[in-house]
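Have a look at the structure below before the remarks.
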Amino acid sequence: MNIDLHYLNTNKVNLLNFDRKKMQNFMHLIDEKSFRADQLMHWIYQRFCNNFSYMTNFTECLKNKLKNTSFIQFPYILKEIVSIDHTIKWLISVQNGIIETIYIPEKKRGTLCISSQVGCPLTCTFCATGMQGFKRNLLVSEIVGQIWLAYQKINNNTKHVYFPITNIVFMGMGEPLLNLKNLITALNIISDTCGFNISKKKIVISTAGIIPALNKLSKICDVKLAISLHASNNTIRNRLMPINKRYNIQSLLKTVLRFLQNSKLNKNGITIEYIMLHNINDSIVHAKELIKLLYNIPSKINLIPWNYLPNSHLKCSSITKINIFSKYLINKGLMTTIRKTRGQDIQAACGQLTGNNNYKS
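With the working numbering applied, the sequence shown corresponds to residues 25 to 385, in that order.
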């Protein structure tokens with residue numbers, strides 16, 4: 025990476041936008057050794073310190089250099105809303121908008137669902153985020169900042185004992201692969217031993233299937249994938265997900281298969297996300313089509329009950345129909361689970377994220 029020295033005389037840089045390699049390059053620019061980058065990242069991501077003055081193993085000279093050329097700035101939380109099932113939603117202020125970050129507590133783990141864009145350009149009919157329109161990609165600092173803020177909130181919570189954050193899923197607002205450059209840098213920070221030190225086995229990228237980005241990603245970074253399929257044929261997927269008119273199911277699954285051939289993290293298969301919609305994609309006919317589509321794709325199917333959205337013509341499939349669909353797939357040899365809905369009462373469930381600060385808790 026080349027960092028222009030120009031900013032040293034004009035604008036300071038936010039160090040949260042740098043992974044370890046970029047941080048090392050920055051240290052070289054201010055005439056410091058590479059190991060200082062490791063120390064600085066350790067202070068930020070493991071000791072949760074964003075004040076250079078408190079970094080006790082730095083010389084005064086280094087502290088002054090950092091103060092004169094850089095800063096550590098996170099987005100900030102506007103509102104915290106807690107569900108009856110203890111799911112937490114944070115409305116987080118970023119430039120030009122509000123994003124949402126969701127913490128989902130389980131018995132043995134804490135999962136953090138983070139956003140990658142302000143809004144979403146894909147306009148899927150079953151998702152509230154797409155209805156908000158698209159403003160911009162999140163910066164690296166705004167992606168990793170969500171995790172930093174969540175760690176602080178969970179660790180300092182005195183009202184309820186929460187399991188520490190162990191898993192990260194890019195299933196919040198936005199399409200992660202449309203923000204590929206910043207996504208990869210953020211992944212480097214999340215998984216780095218000097219960063220949050222979360223294993224890549226515990227990080228999942230959910231995508232509607234941006235084929236050029238998937239091809240690039242397979243050459244740069246191995247990640248665990250979840251594919252938002254949601255339909256068993258192109259006619260239905262075209263209605264639900266306009267992106268399918270550009271990258272149809274067959275093209276997407278061919279790309280996924282190529283990705284899997286080079287992936288160690290997905291050796292047990294990828295996750296296929298399939299939202300259950302009444303009388304649209306939930307019949308046995310659709311289950312049979314799905315089986316044919318996935319016959320050579322190592323995968324686990326995650327059936328997602330659709331979560332209510334105001335003013336939508338859609339309806340969720342009945343529990344009975346979801347169970348019948350699931351059992352049919354399982355009997356045909358496909359690993360299938362039904363996602364448990366979490367945080368629905370605070371509009372924090374799958375497809376409900378809008379960044380609306382007018383929500384009344």
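All C-beta atoms, glycine included, are put in the ideal place defined by N, C-alpha and C. As the structure is a computational prediction, the values presented were derived from the model and not from experiment.
- For residue 72, the closest alpha carbon among the candidates 261, 220, 249 is that of 220.
- Distance check between residue 338 and each of 292, 152, 100, 363 places 152 closest, using alpha-carbon atoms only.
- In this structure, residue 140 sits near residue 200, with a CB-CB distance shorter than 8 Å.
- Here DSSP, grouped into helix, strand and coil, assigns residue 271 to coil.
- Shown here, residue 36 sits in coil according to DSSP, grouped into three states, outside any helix or strand.
- Pairing residue 231 with residue 193 gives a Cβ-Cβ distance that is not under 8 Å.
- Taking a cut-off of 8 Å on C-beta distances, the stretch 102-115 touches the stretch 359-374, as three or more cross pairs fall below it.
- Counting of Cβ neighbours within 10 angstroms places residue 41 among the buried residues, the total reaching 16 or more.
- Under the 8 Å Cβ criterion, the stretch 293-304 counts as touching the stretch 340-349, having at least three qualifying pairs.
- For residue 379, the three-state secondary structure derived from DSSP is coil.
- Boundaries cannot be given for residue 232, as no alpha helix (DSSP H) includes it and DSSP labels it neither H nor E.
- By the CB criterion at 8 Å, residue 208 and residue 233 fall outside the cutoff.
- Rounded to whole angstroms, the Cβ separation of residue 326 and residue 361 is 5 Å, and the two are in contact under 8 Å.
- Assigned with DSSP and collapsed to three states, residue 252 falls in strand.
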